[in-house]
Amino acid sequence: MTIRKLLVANRGEIALRVMRTAREMGIQTVAIYSEADRLSPHVRYADEAVCVGPAPSSESYLRADTIITVCKKLGVDAIHPGYGFLSENANFARLVREAGLIFVGPSPESIEIMGSKLGAKAAVASYNIPMVPGTPDAISDRDEAKKTAAQIGYPILIKASAGGGGKGMRIVEREEEFDEGMDRAVSEAISAFGDGSVFIEKYVTSPRHVEIQVLGDQHGNIIHLFERECSVQRRHQKVVEEAPSAILTPEIRAEMGRCAVDVARACGYYGAGTVEFIVDDQLNFYFLEMNTRLQVEHPVTEQITGIDLVEQMIHIAEGKPLAIRQEDLQIKGHAVEIRVYAEDPANNFLPDVGTLHTYIRPQGNGIRVDDGFEEGMTIPIYYDPMIAKLITYGATREEAIRKMIRAIDEYTILGVQTTLGFCRYVMEHEAFRSGQFDTHFVKRYFTPEVLQKPADPTEAQLAAALSAWLLKNEKPKASAETSTAAAPKSKWRERRLG
Ligand code: MV4
Numbered sequence: 026m027t028i029r030k031l032l033v034a035n036r037g038e039i040a041l042r043v044m045r046t047a048r049e050m051g052i053q054t055v056a057i058y059s060e061a062d063r064l065s066p067h068v069r070y071a072d073e074a075v076c077v078g079p080a081p082s083s084e085s086y087l088r089a090d091t092i093i094t095v096c097k098k099l100g101v102d103a104i105h106p107g108y109g110f111l112s113e114n115a116n117f118a119r120l121v122r123e124a125g126l127i128f129v130g131p132s133p134e135s136i137e138i139m140g141s142k143l144g145a146k147a148a149v150a151s152y153n154i155p156m157v158p159g160t161p162d163a164i165s166d167r168d169e170a171k172k173t174a175a176q177i178g179y180p181i182l183i184k185a186s187a188g189g190g191g192k193g194m195r196i197v198e199r200e201e202e203f204d205e206g207m208d209r210a211v212s213e214a215i216s217a218f219g220d221g222s223v224f225i226e227k228y229v230t231s232p233r234h235v236e237i238q239v240l241g242d243q244h245g246n247i248i249h250l251f252e253r254e255c256s257v258q259r260r261h262q263k264v265v266e267e268a269p270s271a272i273l274t275p276e277i278r279a280e281m282g283r284c285a286v287d288v289a290r291a292c293g294y295y296g297a298g299t300v301e302f303i304v305d306d307q308l309n310f311y312f313l314e315m316n317t318r319l320q321v322e323h324p325v326t327e328q329i330t331g332i333d334l335v336e337q338m339i340h341i342a343e344g345k346p347l348a349i350r351q352e353d354l355q356i357k358g359h360a361v362e363i364r365v366y367a368e369d370p371a372n373n374f375l376p377d378v379g380t381l382h383t384y385i386r387p388q389g390n391g392i393r394v395d396d397g398f399e400e401g402m403t404i405p406i407y408y409d410p411m412i413a414k415l416i417t418y419g420a421t422r423e424e425a426i427r428k429m430i431r432a433i434d435e436y437t438i439l440g441v442q443t444t445l446g447f448c449r450y451v452m453e454h455e456a457f458r459s460g461q462f463d464t465h466f467v468k469r470y471f472t473p474e475v476l477q478k479p480a481d482p483t484e485a486q487l488a489a490a491l492s493a494w495l496l497k498n499e500k501p502k503a504s505a506e507t508s509t510a511a512a513p514k515s516k517w518r519e520r521r522l523g
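Each number in the numbering used here corresponds to the 1-based position in the sequence shown with 25 added.
Pasting the structure below:
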């Protein structure tokens with residue numbers, strides 16, 4: 026089945042990212058937007074655009090029924106959900122299928138299995154996948170669980186089965202705190218997810234977060250596209266991602282890749298997915314969960330493999346067999362991504378939404394900016410305050426990092442506070458440079474004081490911003506130089522204008 030018209034059920038940078046590939050493939054694009062996003066670039070980029078409701082996402086980007094109605098009206102044959110919003114909603118994927126449309130993503134069944142952490146553990150149980158010691162099922166008998174905790178040794182983590190991405194986790198340091206931790210974990214899980222199922226795991230105290238990108242087709246072929254290192258994060262919000270990881274050996278990489286493919290196989294996975302592991306200081310790795318969507322940080326994988334993941338997703342959704350074999354893939358170079366948020370690092374990363382009075386992107390070889398805003402636009406309060414993803418690519422890790430620092434220095438954003446200076450601090454930090462860091466990097470090394478200098482724009486940036494503004498606002502003068510009548514009639518000029 027060929028996709029001729031694709032609706033992107035998302036906004037901002039990821040909507041643009043998906044539509045760009047669709048356009049390259051000759052596929053017509055349809056944008057949806059909320060009343061807050063009327064003037065957004067993703068709306069103008071699309072061949073057609075439909076307003077689906079007021080600003081709050083519950084009344085617009087999350088309205089499955091409205092979105093499917095739009096598809097029927099416009100003759101759309103497939104929906105790409107991007108990330109967030111409806112991307113990991115099994116019911117939505119099912120509604121799309123029932124409406125006779127193609128969901129550019131995995132099956133509702135895969136989404137459902139992996140949406141439950143215990144479901145994921147059960148699905149992979151018959152495969153040889155390393156997992157952190159813990160309880161394989163939801164805890165029903167508290168005394169039993171307490172015994173297991175004593176056996177595996179404190180500290181332990183209580184996790185909500187319906188959680189994920191750090192939501193619904195609780196550390197218990199010693200047995201005396203077990204009951205209280207359990208009470209809180211269960212009541213939090215009920216209020217957050219409507220499901221009080223929790224399990225316990227040994228707490229790996231200083232892990233690295235390494236995830237493997239996989240692609241599976243609808244014929245049972247599954248490959249992996251190596252890893253992304255995402256350890257630099259703040260309160261489960263990733264800050265810096267890179268590929269490959271500075272710590273993996275080719276042997277461990279191959280082994281993790283094999284495990285990731287098996288995890289995908291265990292749930293009959295097709296589409297693009299990410300298998301998340303933690304890695305301890307001995308380089309032991311453990312499977313944690315699988316994300317059944319295209320991830321924010323997918324560009325670093327695209328840079329080092331040369332593969333367009335959205336193109337692959339579309340081919341897979343059309344039912345085509347994967348055209349890439351595992352042995353064709355190799356890592357070339359190194360890519361680093363930072364997330365540029367409209368947040369104030371000096372003020373506990375409080376969202377600082379406002380107007381991008383000056384917005385000048387970095388440019389040059391090895392630089393990719395995925396964003397969804399333009400100068401003069403206001404960042405709406407209703408959604409995630411990510412302004413852009415800045416990705417650099419070089420032959421080596423050091424080259425990609427140096428390029429990132431240069432790119433951050435060129436990036437001029439005035440009007441809102443951003444995390445650019447904070448990311449620059451990470452790039453310069455010895456622990457990051459040496460590759461010796463874990464998920465506690467930000468907590469361990471960052472205080473607002475370290476930012477005082479780079480937070481202010483440099484003289485050069487101010488000068489650049491001012492001249493850009495002057496150029497843009499300059500009125501055409503009726504001077505001898507600009508009037509066509511008086512223009513010098515050189516051959517060069519004729520050739521150029523003719
Ligand atoms: C863990 C862990 C340590 N031990 N599980 C956080 C996100 C969610 N996917 C699982 N997470 C963790 N699970 C055990 N048994 C530490 C984390 C964790 C973490 C993992 C990846 C990236 C950042 C993190 C930050 C804090 C905790």
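Yeah, the Cβ is synthetic: ideal placement off N, Cα and C, and Gly gets one too.
Please list, in chain order, all residues of the same chain as Cys96 whose beta carbon is under 6 Å from its beta carbon, the five residues on each side excluded.
Within the sequence shown, the letter at position 71 stands for residue 96. Closer than 6 Å at Cβ, skipping near neighbours: Leu32, Leu126.
Apply the 10 Å Cβ neighbour rule to Gly100 and answer buried if 16 or more other Cβ atoms are within range, or exposed otherwise.
Stepping through the sequence shown from its first residue, residue 100 is reached at position 75. Under this definition Gly100 is an exposed residue.
Specify the secondary structure class of Asp409 as computed by DSSP and reduced to three states.
Mapped onto the sequence shown, residue 409 falls at position 384. Three-state DSSP puts Asp409 in coil, outside helix and strand.
Please tell me whether, using a cut-off of 8 Å, the distance from the CB of Thr464 to the nearest non-hydrogen atom of ligand 1 is below it.
For the purposes of this step, residue 464 is identified with residue 439 of the sequence shown, where counting begins at 1. Yes, ligand 1 has a heavy atom inside 8 Å of this Cβ.
With DSSP as the reference, identify every bridge partner of Ile363, one or two as the case may be.
On the sequence shown, residue 363 is found 338 positions in, with the first residue counted as 1. Per DSSP, Val265, Leu415.
Sorted by chain position, which residues of the same chain lie with C-beta nearer than 8 Å to Gly219's C-beta, five sequence neighbours on each side aside?
By one-based count along the sequence shown, residue 219 stands at place 194. For Gly219, where only same-chain residues beyond five positions count, the Cβ hits under 8 Å are Ala187.
Which ranges would you report for the alpha helix (DSSP H) in the segment 374-457 if only whole runs of at least 4 residues count?
422-435, 445-453
Determine the contact status of Val325 and Phe457, defining contact as a CB-CB distance below 9 Å.
In the sequence shown, residue 325 corresponds to position 300, counting from 1. In the sequence shown, residue 457 corresponds to position 432, counting from 1. No, Cβ-Cβ distance for Val325 and Phe457 is not below 9 Å.
Residues near Ile363 by beta carbon distance below 6 Å, same chain, minus five either side
For the purposes of this step, residue 363 is taken as the residue at position 338 of the sequence shown. Once the five neighbours on either side are set aside, the close Cβ partners of Ile363 are Val265, Leu415, Cys448.
My guess is that Glu38 and Gly397 are in contact by the Cβ rule of under 8 Å, so how many angstroms apart are they, rounded?
On the sequence shown, position 13 is the one that residue 38 refers to. On the sequence shown, position 372 is the one that residue 397 refers to. Confirmed, about 4 Å.
Nonlocal neighbours in the same chain, by C-beta distance under 6 Å from Ala210, ignoring five residues either side
Looking up residue 210 in the sequence shown gives position 185. So the qualifying residues of the chain are Ile183, Arg195, Val223.
I need the DSSP call for Leu31, collapsed to helix, strand or coil.
For the purposes of this step, residue 31 is identified with residue 6 of the sequence shown, where counting begins at 1. Correct three-state label for Leu31: strand.
Nearest-angstrom Cα distance between Thr274 and Cys284?
Position 249 of the sequence shown, counting from 1, holds the residue named residue 274. Position 259 of the sequence shown, counting from 1, holds the residue named residue 284. About 15 Å.
Let's test the definition: count the other Cβ atoms within 10 Å of the Cβ of Met139 and tell me whether it reaches 16, buried, or not, exposed.
Residue 139 sits at position 114 when you count from the first residue of the sequence shown. Label assigned to Met139: buried.
Let me check you understand the geometry: is the CB of Lys227 closer than 8 Å to at least one non-hydrogen atom of ligand 1?
Residue 227 sits at position 202 when you count from the first residue of the sequence shown. The answer is yes for Lys227.
Please report how far the alpha carbon of Ala425 lies from the alpha carbon of Ser85, in whole angstroms.
On the sequence shown, residue 425 is found 400 positions in, with the first residue counted as 1. On the sequence shown, residue 85 is found 60 positions in, with the first residue counted as 1. Computed Cα separation, rounded: 38 Å.
Cβ contact check for the segment 328-343 and the segment 166-185: 3 or more pairs under 8 Å:
no
N- and C-terminal bounds of the alpha helix (DSSP H) containing Gln355
Within the sequence shown, numbered from 1, the residue matching residue 355 stands at position 330. Careful: Gln355 lies outside any alpha helix (DSSP H) and carries neither H nor E.
May I ask you to list the residues that DSSP assigns as paired with Glu368?
Residue 368 sits at position 343 when you count from the first residue of the sequence shown. Pro376, per the DSSP bridge assignment.
Buried or exposed (CB count within 10 angstroms, at least 16 for buried), Lys497:
Locating residue 497 in the sequence shown gives position 472, where the first residue counts as 1. It is exposed - the Cβ of Lys497 has fewer than 16 other Cβ atoms within 10 Å.
Which parts of the segment 170-233 are runs of the beta strand (DSSP E), unbroken and 3 residues or longer, counting only runs that do not cross its ends?
181-189, 192-197, 223-227
Taking DSSP as the reference, what is the three-state secondary structure of Ala510?
Residue mapping note: residue 510 aligns to position 485 of the sequence shown, counting from 1. Residue confidence is low: Ala510 scores 39 on pLDDT, short of 50, so the model does not pin down where it sits. Its coordinate-derived value is still stated next. Ala510: coil per DSSP, three-state reduction.
Spatial neighbours of Gln307 within its chain, please: CB distance less than 8 Å, with the 5 preceding and 5 following residues excluded, ordered by chain position.
Taking the sequence shown and counting its residues from 1, one reaches residue 307 at position 282. There are no such residues.
List the residues that DSSP assigns as beta-bridge partners of Ala103.
Taking the first residue of the sequence shown as 1, we reach residue 103 at position 78. Beta-bridge pairing links Ala103 to Leu31, Ile127.
Classification of Arg42 by the beta-carbon crowding that lies within 10 angstroms, buried from 16 upward:
In the sequence shown, the residue the question calls residue 42 occupies position 17. Flag for Arg42 reads buried.
C-beta contact flag for Ile136 and Ala291 at 9 Å:
Numbered from its first residue, the sequence shown carries residue 136 at position 111. Numbered from its first residue, the sequence shown carries residue 291 at position 266. It is not a contact, given that the beta carbons lie outside the stated cut-off.
Which listed residue (Phe110, Gly293, Ala118) has its alpha carbon closest to that of Ser83
One-based indexing of the sequence shown puts residue 83 at position 58. Comparing Cα-Cα distances from Ser83 to each of Phe110, Gly293, Ala118, the minimum goes to Phe110.
Taking the alpha-carbon positions, what's the Asn35 to Leu87 distance?
Stepping through the sequence shown from its first residue, residue 35 is reached at position 10. Stepping through the sequence shown from its first residue, residue 87 is reached at position 62. Using only the alpha carbons, I get a separation of about 9 Å.
Any heavy atom of ligand 1 inside 8 Å of the beta-carbon of Val335?
If you number the sequence shown from 1, residue 335 lands on position 310. It does not: the Cβ of Val335 is nowhere closer than 8 Å to a heavy atom of ligand 1.
Since Glu525 and Pro269 are thought to touch, with beta carbons under 8 Å apart, how far apart are those beta carbons, to the nearest angstrom?
Given that the chain is displayed from residue 26 to residue 523, the structure contains no residue 525 and the question cannot be resolved.
Cα separation between Ile28 and Pro133?
Counting from 1 along the sequence shown, the entry for residue 28 is found at position 3. Counting from 1 along the sequence shown, the entry for residue 133 is found at position 108. Whole-angstrom Cα-Cα distance: 20 Å.
Less than 9 Å separating the beta-carbons of Ala214 and Gly193?
Start at 1 with the first residue of the sequence shown, and residue 214 comes out as number 189. Start at 1 with the first residue of the sequence shown, and residue 193 comes out as number 168. Taking 9 Å as the Cβ cut-off, Ala214 and Gly193 qualify as a contacting pair.
Near Tyr407, what residues of its chain come up, given a Cβ to Cβ distance below 7 Å and the 5 sequence neighbours on each side ignored?
Sequence index remark: in the sequence shown, residue 407 carries index 382 (1-based). Contacts found: Ala61, Ala80, Pro81, Ser82.
Which full runs of the beta strand (DSSP E) of 3+ residues lie inside the segment 283-342, going along the chain?
296-304, 310-316
Cys76 in three-state terms, based on DSSP
Position 51 of the sequence shown, counting from 1, holds the residue named residue 76. Reduced to three states, the DSSP call for Cys76 is strand.
Below 9 Å between beta carbons: does that hold for Asp305 and Pro405?
Counting from one through the sequence shown, the residue named residue 305 turns up at place 280. Counting from one through the sequence shown, the residue named residue 405 turns up at place 380. Taking 9 Å as the Cβ cut-off, Asp305 and Pro405 do not qualify as a contacting pair.
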